[in-house]
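So the sequence shown is residues 1 to 478, counted in the UniProt record's numbering.
Remarks on the structure that follows.
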Amino acid sequence: MASNTAPSAAGRLSTPVIFAFASAGVPGAMLALILGTYLPRFYAGHIGISLLAVGGAVAMVRLIDLGFDLVIGGAMDRTRTRFGRYRVWYALGIPLLILSIYKILNPPADAGTGYLVLWLLVTYTGTSITGLSHAAWAAALATGYNERSRIYGWMQAVAVAGSVTLLLMPLLTHGAIQPGKGESMQAIGYIIICLIPFTAAASIFFAPEKITTEKPEHATLKDYMQVFTQPSMVRLVIADLFLVLGPGTTGPIYIFFFHDAKGFPITQVSLLLIPYIGAGLFGAPFWARIAQKLGKHRTLQVATVCYAVAQTVLMAIPKGLFVPTAVGMFAVGFCASAFVLLIRAMVADVGDELRLKTGKEQTGLLYALVTMTQKFGSSITVAIVFPVLAFVGYNAKDGAINTETAIRGLEMCYLFAPIALVLVGGACFFGYKLDRDRHADIRSQLDAQAATLTEAIEDEPLTTVGSGPSPITPTRPT
């Protein structure tokens, strides 16, 4: 059941409650890693669908999915039940997600492009519903400025634990389960499916959701336009795009760089991902703690500068040195772990700012915007770096011998593109006004409005027609 009470802005959620809520990130992160890294190879190499068809299917489904996020985010904001707003959507998305995982990772032998498109679409629909509702629910769970940094830090750390667990499967199972290996995909699917009910139950039954007191009015077109034109949100969306593009440009050329430029065998190239992703276990709580001291936007700017330094140091490490390179990857991943968690926490603050301005809850729509940004940014990275590699003459075929100029071009793509993009993202927050003090003022006004509206609702049945309390006009931020 939804709770009408929640921790005050200054209060703290207990660690067990936060962990129960964040545990949903374990199977979610595993699934994201499978979908983004291993699924195309599985369908192209193991099932036998052409690489061109697989790429076209993934691109088409992701484009459709972009628009769906806005629709589902708006629908979540309009939902009102005694069990909460976002928790209901999260629970409804779980069965759809489980079914889609089973189908996408257990295709029949004669599965074709149509099968892949259908179940990719269902899978991404399930991940959109559960992902958006869980992120927006977190904003309702923690209303304080510092508490949001804490809860999103926990969510990031737990999700990283899920990704690292998947990467360690070969070691944990003595080679029986290997991500990317066709014979292992079914087993991985069953592991994710078994985890989802337990982690979902932990979130649903142990984490409260405060029912926001608001005016009983439907959102208008003007309200939606305010979401897209809110200055704080515009900054966040633009910054988030650059912060996604930065690390994202290294993804498509990761294997090329560490194999051809750094001279590591493929087995070690895969192992180097573990310290990069695992760094989030330490980085997320670290940056969340720093944000409580410096503020979220200042901490994000510090993290972007640290990322640029770490990326430069990584490039300077000599070829073939595994341990120093692993340390360098840890440092880069440590800095990058700040981006998602702080952006998400700041979106929750903008949701409060908008609710004060409009009197309506639109957090789901706000998270749909940043989710769209992340999906769009992740999908266009290939279009950014591959033309540059072609221009410098890099040959990506197995066994190809590249010229020194081509390798240098590959190194520059891996170094300069992410640094430049991330620094632009950090620069977006110069002049950002929604800091700790401003948010504290917004929360105090929202709490006062909620108390007044609750009293009006409680008194209304005792009054005669026409003598009830006057509508409450939302206070516009100063």
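A virtual CB, placed ideally from N, CA and C, is assigned to each residue, including glycine.
So, with DSSP's three-state summary, where would you put residue i?
i	result
residue 559	Here the chain comprises residues numbered 1 to 478, so residue 559 is not present and cannot be evaluated.
LYS210	strand
GLY182	helix
LYS296	helix
LYS375	helix
SER470	Because SER470 carries a pLDDT of 36, less than 50, the predicted location of this residue cannot be relied on, and the following value inherits that uncertainty. Here SER470 sits in coil by DSSP.
HIS46	helix
THR325	helix
PHE264	coil
ILE18	helix
GLY359	coil
THR37	helix
HIS259	helix
TYR190	helix
ILE380	coil
PRO197	helix
ARG12	coil
PRO216	Here the model assigns PRO216 a pLDDT of 48, short of 50, so the residue's position is not dependable and the matter cannot be decided.
GLY25	helix
TYR276	helix
ALA390	helix
HIS174	coil
THR249	coil
ILE442	helix
GLY283	helix
Taking residue i as the reference, which of the options has the closest Cα?
i	options	result
GLY431	TYR43, SER184, GLY359, ARG235	ARG235
VAL164	TYR307, ALA239, GLY25	GLY25
GLY280	ILE266, MET329, GLY263	MET329
ASN106	THR130, TYR190, MET76	TYR190
TRP251	GLY36, SER232, ARG78, LEU99	Looking at the sequence itself, residue 251 is Gly, so the reference to Trp does not match. Of GLY36, SER232, ARG78, LEU99, the residue nearest in Cα terms is GLY36.
ALA138	LEU342, GLY409, PHE242	LEU342
THR370	GLU361, LYS360, ALA239	Per the sequence shown, the amino acid found at residue 370 is Val instead of Thr. Measuring from the Cα of VAL370, the nearest candidate turns out to be ALA239.
TYR276	LEU314, MET185, LYS293, THR299	LEU314
GLU183	ALA161, ALA420, ALA109, LEU446	ALA109
PRO27	ALA44, ALA136, PRO197	PRO197
LEU446	THR403, VAL388, THR358	THR358
VAL385	ALA200, MET60, PHE257, ARG41	PHE257
ALA291	ALA136, ARG148, TYR43, THR363	ARG148
ILE442	LEU63, THR143, TYR43	THR143
LEU118	ASP65, LYS293, PRO265	ASP65
MET44	PHE19, PRO95, LEU116, VAL305	First, the amino acid is wrong: residue 44 is Ala here, not Met. Nearest option by C-alpha distance: LEU116.
LEU389	CYS428, GLY399, ALA417	ALA417
HIS259	SER14, ASN395, THR299, SER50	ASN395
VAL229	THR452, LEU13, GLU353	Correcting the residue identity first, residue 229 is Thr in this sequence and not Val. Looking at the Cα atoms, GLU353 is the closest of the given residues.
Beta-carbon of residue i versus every beta-carbon of chain C: anything under 7 Å?
i	result
PRO285	In the displayed structure, chain C is absent; only one protein chain is listed.
Does the distance from the C-beta atom of residue i to that of residue j stay below 7 Å?
i	j	result
LEU167	ILE274	yes
LEU366	GLY351	yes
GLY93	ALA368	no
THR373	VAL237	yes
SER23	ALA202	yes
VAL58	ALA207	no
TYR90	THR130	yes
LEU421	PHE242	yes
ALA308	ILE419	yes
GLY153	PRO285	yes
LYS296	ALA345	yes
GLN268	PHE205	no
residue 510	ALA316	In the structure as shown, the chain starts at 1 and stops at 478, and residue 510 therefore has no counterpart that could be examined.
GLY320	GLY263	yes
GLU209	ALA135	no
HIS439	TYR145	yes
GLY162	MET76	no
PHE21	MET185	no
ALA111	ILE47	yes
LEU120	VAL61	yes
ILE407	ALA261	yes
LEU423	THR304	yes
THR113	ILE49	yes
Would the beta-carbon of residue i be found less than 6 Å away from any heavy atom of the ligand NAD?
i	result
LEU241	Absent from the structure shown: the ligand NAD. Ligands present: none.
Exercise. Mind the definition here: the stretch 242-249 touches the stretch 108-125 only if three or more C-beta pairs lie below 8 Å; say whether that holds.
Key: no
Practice problem: Count the CB pairs spanning the stretch 395-415 and the stretch 316-328 that are closer than 8 Å, and state whether there are at least three. | Solution: no
Exercise. Answer yes if the stretch 168-176 comes into contact with the stretch 42-61, meaning at least three C-beta pairs across the two stretches below 8 Å, and no otherwise.
Key: no
Quiz prompt | Inter-stretch contact (C-beta, 8 Å, three-pair minimum) for the stretch 182-199 and the stretch 93-103 | solution = yes
Quiz item: Would you say the stretch 67-83 touches the stretch 145-159, given that touching needs at least three Cβ pairs under 8 Å?
Solution: no
Quiz prompt | 4 or more residues per run - each alpha helix (DSSP H) lying fully within the stretch 80-152 | solution = 86-105, 113-141
Quiz item: Unbroken alpha helix (DSSP H) runs of length 4 or more, entirely within the stretch 399-435: which are they?
Solution: 404-427
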